[in-house]
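Asks: Under this note's numbering, think of the first position of the sequence shown as 7, with each following residue one higher.
Below is one structure. I have some questions about it.
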Amino acid sequence: MEELVIRDADVVDGSGADSYRADVVVDGGRIVSIVKEAAAAGCQRPRARRELDAEGLVLAPGFIDMHAHSDLALLRDPDHSAKAAQGVTLEVIGQDGLSYAPVDDRTLAEVRRAIAGWNGPGDDVDFDWRSVGEYLDRLDAGIAVNAAYLIPQGTVRALAVGWDDREATDAELEHMRRLVAEGMEQGAVGMSSGLTYTPGMYAKDAELTELCRVVASYGGYYCPHHRSYGAGALQAYEEMVELTREADCPLHLAHATMNFGVNKGRAPELLTLLDDALAAGADITLDTYPYTPGCTTLVALLPSWASEGGPDRIMERLADDDTAERIRHHMEEIGSDGSHGVPMEWETIEISGTGDPALAEYVGRTVLESARLRGESPWTVARHLLLADRLAPTILQHVGHEENVRAIMRHRVHTGGSDGILQGAKPHPRAYGTFPHYLGHYVRELSVLSLEECVAHLTSRPAARLRLPDRGLVREGYRADLVLFDPAAVAAGSTYESPRVLPTGIPYVLVDGRFVMEDGRRTDVLAGRSVRRAPR
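Next up, the structure:
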């Protein structure tokens, strides 16, 4: 007898087609049969060792978070309710060009410093891997949800070239090509870049094109955080489209937003650019989070020249009064490349977390608010935080536009991604709320998408981008990565004031046919594993 039958579910199968009523049988981690309208037809209903009454609940494929920053959280936090409670059954990590493999001892230490604001310093993690394959093996020991990995181009550059702003030599480029090939052979699904973060931003297009050719030869895709989401955003998107066309590499645009005042109402221009490229044969997808503010680290806003050489050199420059004044001038009067070419608007920069608890008074306030309270300039406050917290502060950046968010999420190549940074006292609510917020706010309350459309955006579309032949749909033979939610009640619990509140209306989540959420509570099941690139 099979393990489980989910009875009388309203199946939204991930294809975009209309829902239907069915009994769904799960055994051995897979969907073994689907009996449509079993009760109405009066046929023999399937039996199993456990029967779950799903009356009033939607059964859908588990959600795929196409842009996650859980690289260390998956290892240090077996519970990982931040994602499991949302119905996420697969996360794509290694994002924005910086993560923890491939590395050597020196590069690992540098990367840990550079992205402590994203993932914490990692003092509670045993970094017993160096290669991509070893990191994926570590995930295979058991994690809350599944994870796929992107080779981080910035880390690769740090390993082969260092943190200097210069072109790679021929030997260094060949070293990077070899590192990317090895990572793909070991199971990565593609490559990411953070082209407003050091050292990835120092790569010219020709260098990126060569690495993308390697990725494409293994059937992977390129996922850039491109060079600007503010001034010059459209040109930055066009650059990525042209670069991947030259490399003949599929393109997935990370957190594809149009932010800052210069881009208010300009989402249709981006979508026209993408439609033209798609019509010409390009292979393009994108992800977004359903919120207007962004989230990053405070140090990321510095001009690229101030970040050259890595974290220690940044600290030296900030400590020097003359250099710090030059940094301020670039940020406040010119618009640094780290801040997307837009002069700083300190009233939009909210401190969301610090590594040092002694700096907690700054959390939840904008830099401008703290400056006024202290009788100081905003730059004095920002500089103090960077030095005192050793570059660790994270921020919310209130620069988005609701009309752009809605327009982009309607597009036919759109997928969902949380871009969820789990660090800090007050992280962005998207880390705990992205997927229920899509379903509750944008589907039920605003009707921006139909339920069937939205589920397809969150399941089958990302599965297709990842080239996963047995995930993303409710189909016989597919993996039993499933979510059951109440369409009348599903909602994000997280808010800007209380960002770590779990969602409502998602009582059951299964990974590999095993309940990781049951009756709305996290079980102790660790059914997640690495999801490696499918062979061509």
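The beta carbon of each residue, even a glycine, is placed where N, CA and C say it ideally should be.
No experiment lies behind these values; they were computed from the predicted model shown.
Would you tell me roughly how many angstroms separate the C-alpha atoms of Ala262 and Ala495, rounded to the nearest one?
Replies: Within the sequence shown, residue 262 is the residue found at index 256, counting from 1. Within the sequence shown, residue 495 is the residue found at index 489, counting from 1. Approximately 28 Å between the Cα atoms of the pair.
Asks: Excluding five sequence neighbours on each side, which residues of the same chain lie with their C-beta closer than 7 Å to the C-beta of His346?
Replies: To locate residue 346, count along the sequence shown from 1; it is residue 340. Only Thr202, Ser234, Tyr235, Gly236, Ala237, Phe266 meet the Cβ criterion.
Asks: Among residues of its own chain, excluding the 5 on either side of Arg55, which ones have a beta-carbon nearer than 8 Å to its beta-carbon?
Replies: Along the sequence shown, one-based indexing puts residue 55 at 49. Excluding positions up to five away in sequence, the list reads Met7, Glu8, Glu9, Leu10.
Asks: Around the C-beta of Thr501, are 16 or more other C-beta atoms found within 10 angstroms, so that it is buried, or is it exposed?
Replies: Residue 501 sits at position 495 when you count from the first residue of the sequence shown. Exposed.
Asks: What first and last residue would you give for the beta strand (DSSP E) that runs through Thr400?
Replies: For the purposes of this step, residue 400 is taken as residue 394 along the sequence shown, with counting starting at 1. First-last of the beta strand (DSSP E) with Thr400: 400 to 403.
Asks: Once the 5 residues before and after Arg172 are set aside, which same chain residues still bring their CB inside 8 Å of it?
Replies: Here the question's residue 172 lines up with position 166 in the sequence shown. Excluding positions up to five away in sequence, the list reads Tyr208.
Asks: Classify Val531 as helix, strand or coil using the three-state DSSP reduction.
Replies: Looking up residue 531 in the sequence shown gives position 525. Here Val531 sits in coil by DSSP.
Asks: Between Leu393 and Glu503, what straight-line distance do the alpha-carbon atoms span, to the nearest angstrom?
Replies: Looking up residue 393 in the sequence shown gives position 387. Looking up residue 503 in the sequence shown gives position 497. Looking at the two C-alpha atoms, the distance is approximately 27 Å.
Asks: Would you check if the stretch 237 to 254 and the stretch 369 to 386 touch, i.e. whether three or more CB-CB distances between them fall below 8 Å?
Replies: As far as the Cβ criterion goes, the stretch 369 to 386 does not touch the stretch 237 to 254, which means the pair count is below three.
Asks: Starting from Ala122 and walking both ways along the alpha helix (DSSP H), at which residues does that stretch end?
Replies: Taking the first residue of the sequence shown as position 1, residue 122 is located at position 116. Per DSSP, Ala122 belongs to the alpha helix (DSSP H) from 122 to 125.
Asks: Would Ser223 pass as a contact of Gln159 if the rule is Cβ separation under 7 Å?
Replies: Taking the first residue of the sequence shown as position 1, residue 223 is located at position 217. Taking the first residue of the sequence shown as position 1, residue 159 is located at position 153. Against a cut-off of 7 Å, the Cβ pair of Gln159 and Ser223 comes out as no contact.
Asks: For Asn152, write down the residues that DSSP places opposite it in a beta bridge.
Replies: For this step, residue 152 is matched to residue 146 along the sequence shown. Asn152 pairs with Leu96.
Asks: Any idea what DSSP makes of His336, helix, strand or coil?
Replies: In the sequence shown, counting from the first residue as 1, residue 336 sits at position 330. Correct three-state label for His336: helix.
Asks: Would you mind giving the Cβ-Cβ distance between Leu145 and Leu80, rounded to the nearest angstrom? I have them listed as a contact below 8 Å.
Replies: Locating residue 145 in the sequence shown gives position 139, counting from the first residue. Locating residue 80 in the sequence shown gives position 74, counting from the first residue. Right, their Cβ atoms sit about 7 Å apart.
Asks: Report all residues from its chain with a CB closer than 6 Å to the CB of Pro256; omit the five preceding and five following residues, and keep chain order.
Replies: Along the sequence shown, read from residue 1 onward, the residue named residue 256 stands at position 250. Cβ neighbours of Pro256 beyond the five flanking positions: Tyr227, Asp289.
Asks: Indicate the three-state DSSP secondary structure (helix, strand or coil) for Glu173 in the structure shown.
Replies: For the purposes of this step, residue 173 is taken as residue 167 along the sequence shown, with counting starting at 1. Three-state DSSP puts Glu173 in coil, outside helix and strand.
Asks: Might you give, ordered along the chain, the residues of its own chain that have their beta carbon closer than 6 Å to the beta carbon of Asp425, omitting 5 neighbours on each side?
Replies: Start at 1 with the first residue of the sequence shown, and residue 425 comes out as number 419. So the qualifying residues of the chain are His73, His261, Tyr295.
Asks: Let me check understanding here. Comparing Cα to Cα, which of Val507, Arg485, Ala498, Pro505 lies closest to Ala533?
Replies: Within the sequence shown, the letter at position 527 stands for residue 533. Minimum Cα distance to Ala533 is reached at Arg485.
Asks: Looking at C-alpha atoms only, which residue of Thr298, Arg36, Val221, Asp282 is the closest neighbour of Glu409?
Replies: As a position in the sequence shown, residue 409 is number 403, starting the count at 1. Out of Thr298, Arg36, Val221, Asp282, Thr298 has the C-alpha closest to the C-alpha of Glu409.
Asks: Cutting at 8 Å between CB atoms, please list the residues of its own chain near Pro108, excluding the five before and the five after it.
Replies: The count along the sequence shown starts at 1 and reaches residue 108 at position 102. Arg136, Ser137, Val138, Ile157, Thr161, Val162, Leu165, Leu185, Glu188, Gly189, listed in sequence order.
Asks: According to the neighbour-count rule (16 or more other Cβ atoms, all chains shown, within 10 Å of its Cβ), is Cys229 buried or exposed?
Replies: For this step, residue 229 is matched to residue 223 along the sequence shown. So Cys229 counts as buried.
Asks: Around the C-beta of Cys218, are 16 or more other C-beta atoms found within 10 angstroms, so that it is buried, or is it exposed?
Replies: Numbered from its first residue, the sequence shown carries residue 218 at position 212. Per the 10 Å Cβ criterion, buried.
Asks: For the stretch 271 to 283 and the stretch 399 to 414, state whether three or more C-beta atom pairs, one from each stretch, are separated by less than 8 Å.
Replies: Taking 8 Å as the limit for Cβ pairs, the verdict is that the stretch 399 to 414 does touch the stretch 271 to 283.
Asks: DSSP state of Ser199, grouped into three classes?
Replies: Counted from its first residue, the sequence shown places residue 199 at position 193. Looking at Ser199 - three-state DSSP - the assignment turns out to be strand.
Asks: Taking 8 Å as the threshold, find out whether the stretch 119 to 132 comes into contact with the stretch 390 to 406 through three or more Cβ pairs.
Replies: Touching, yes.
Asks: May I ask which residues mark the beginning and end of the alpha helix (DSSP H) holding Phe441?
Replies: One-based indexing of the sequence shown puts residue 441 at position 435. First-last of the alpha helix (DSSP H) with Phe441: 436 to 443.
Asks: Tell me, please, whether the stretch 503 to 519 touches the stretch 429 to 443 by the rule of three or more beta-carbon pairs shorter than 8 Å.
Replies: Contact between the stretch 503 to 519 and the stretch 429 to 443 is present, because at least three Cβ pairs lie under 8 Å.
Asks: Return helix, strand or coil for Thr291, following the three-state DSSP convention.
Replies: In the sequence shown, the residue the question calls residue 291 occupies position 285. Three-state result, Thr291: strand.
Asks: Closest by CA to Ala540, which one among Arg471, Glu216, Ser453, Ala66?
Replies: If you number the sequence shown from 1, residue 540 lands on position 534. For the residues Arg471, Glu216, Ser453, Ala66, the minimum Cα distance to Ala540 belongs to Arg471.
Asks: Buried or exposed: where does Cys49 fall if 16 or more other Cβ atoms within 10 Å of its Cβ makes it buried?
Replies: Counting from one through the sequence shown, the residue named residue 49 turns up at place 43. Result: exposed.
Asks: Tell me which residues share the same chain as Val454 and place their Cβ nearer than 6 Å to its Cβ, disregarding the 5 neighbours each side in the sequence.
Replies: Locating residue 454 in the sequence shown gives position 448, counting from the first residue. Taken in chain order, the residues that qualify are Arg412, Tyr448.
Asks: Looking at the unbroken beta strand (DSSP E) that takes in Leu65, where does it start and where does it end?
Replies: Along the sequence shown, read from residue 1 onward, the residue named residue 65 stands at position 59. Looking at the DSSP string, the run of the beta strand (DSSP E) that includes Leu65 is 64 to 67.
Asks: In its own chain, which residues sit with a C-beta less than 7 Å from the C-beta of Ser310, not counting the 5 before and 5 after it?
Replies: Counted from its first residue, the sequence shown places residue 310 at position 304. Hits under 7 Å: Asp171, Thr204, Met207, Asp343, Gly344.
Asks: Could you check which residue in Lys42, Pro67, Arg51 has the C-alpha nearest to that of Val5?
Replies: No answer is possible for residue 5: it lies beyond the span of the chain, which begins at 7 and ends at 542.
Asks: Quickly, what does DSSP pair Leu259 with across the bridge? List them, please.
Replies: As a position in the sequence shown, residue 259 is number 253, starting the count at 1. Paired residue(s): Leu292.
Asks: Just checking my contact of Arg183 with Val221 at CB under 8 Å: how many whole Å lie between their CB atoms?
Replies: As a first step, residue 183 is located in the sequence shown; it is residue number 177 there, counting from the start. As a first step, residue 221 is located in the sequence shown; it is residue number 215 there, counting from the start. Contact doesn't hold; Cβ gap of about 10 Å is too wide.
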